Amino acid sequence: MSETAPAPRTVTRLSRSDRRRQLLTAAREVFVDQGYHAAAMDGIAERAGVSKPVLYQHFSSKLDLYLALLNESADELVRAVQQAMEVTDVNKDRVRNTSEAYFSFVADSGQAYRLIFESDLRDEPAVQQVVERASEGCIEAIAQTIITDTGVDAARGRLLASGLVGLYQVSARFWLQQTDVIPRSEAVQLLSTLAWRGISRFPRSEDHSEPHEQPGQH
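Just so it is clear: in the sequence shown, position 13 is 13 by the UniProt record's numbering, and no numbers are missing.
And the structure:
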């Protein structure tokens, strides 16, 4: 009685785009856990379950890989803020949506926010450029609505927008240390209320030099 030869094992080959996604996911985990300087391409390849030559087929260097991941995270944040502004024309809802966008980004992005806001490679010009692009993209997404709906000029509109971006950025990162005390929904509401009570006091007016005091407010 003859023995049946075992069937050859089928090896599934990933498409180039799927392989790139796999490598970026592994790299994000390693960079977040270890920081840029401590991370090694060997460790990233091992985390992804591939050989180092395969990793280098997609990314020419550790910096190239880091920048690809950083650009992806920056695009994700800017896109979230843009969508928060575009999904409604009710400004109070825009404020809440933007607050939600930041809190969701820091909570749900696999700590990718740390690559943008807490990178240990901030002195690298290419990294600085991406971080600045992310901030500028978020500011620009908010500024045009402020300019249109309050009547302030472009410079003042961008200043106000940068203030809101800074508020959301710092507060959302701070909240991550308080998640067992303050639920996300409450944190979003608190920051939305703070931001709205400030920006809503800049109505359209012929005199843009000062925000209007409401009766009884000092």
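Yeah, the Cβ is synthetic: ideal placement off N, Cα and C, and Gly gets one too.
What you are looking at is a predicted structure, and each value in this text was computed from that prediction instead of being measured.
In this structure, L167 places its C-beta atom within 8 Å of the C-beta atom of A195.
The Cβ neighbour count for V78, taken over all protein chains shown within 10 Å, is at least 16; the residue is labelled buried. Between the region 112–123 and the region 136–150 there are fewer than three inter-stretch CB-CB distances shorter than 8 Å, so the stretches are not counted as touching. The beta carbon of V106 sits closer than 7 Å to the beta carbons of Y113, A172, R173, L176 from its chain, once the five residues preceding and following it are set aside; these are given in chain order.
S51: not part of any alpha helix (DSSP H); DSSP gives it neither H nor E. Taking each of G163, E72, Y66 in turn and checking the Cα distance to S99, the smallest one comes out for G163. In this structure, the beta-carbon distance from L55 to L14 does not fall below 8 Å. Taking 8 Å as the upper bound for CB-CB distance, F59 and L115 are not in contact here, some 15 Å apart. Across the set D89, A27, H37, E136, the C-alpha of A27 shows the shortest separation from the C-alpha of G49.
Nearest neighbour of R197 by Cα position, chosen from E86, V95, Q82, V152, turns out to be V95. Residue environment: Q178 is assigned as exposed (fewer than 16 neighbouring CB atoms within 10 Å of its CB, all protein chains considered).
Sequence-distant partners of I182 (beyond 5 residues in either direction) whose C-beta falls short of 7 Å from its own C-beta, in its chain, are W175.
Counting the other Cβ atoms within 10 Å of the Cβ of Q169 gives 16 or more, which makes it buried. Counted as a single uninterrupted DSSP element, the alpha helix (DSSP H) harbouring D18 occupies residues 16–38. The alpha carbon of R16 has as its nearest neighbour, out of Q57, G137, Y36, the alpha carbon of Q57.
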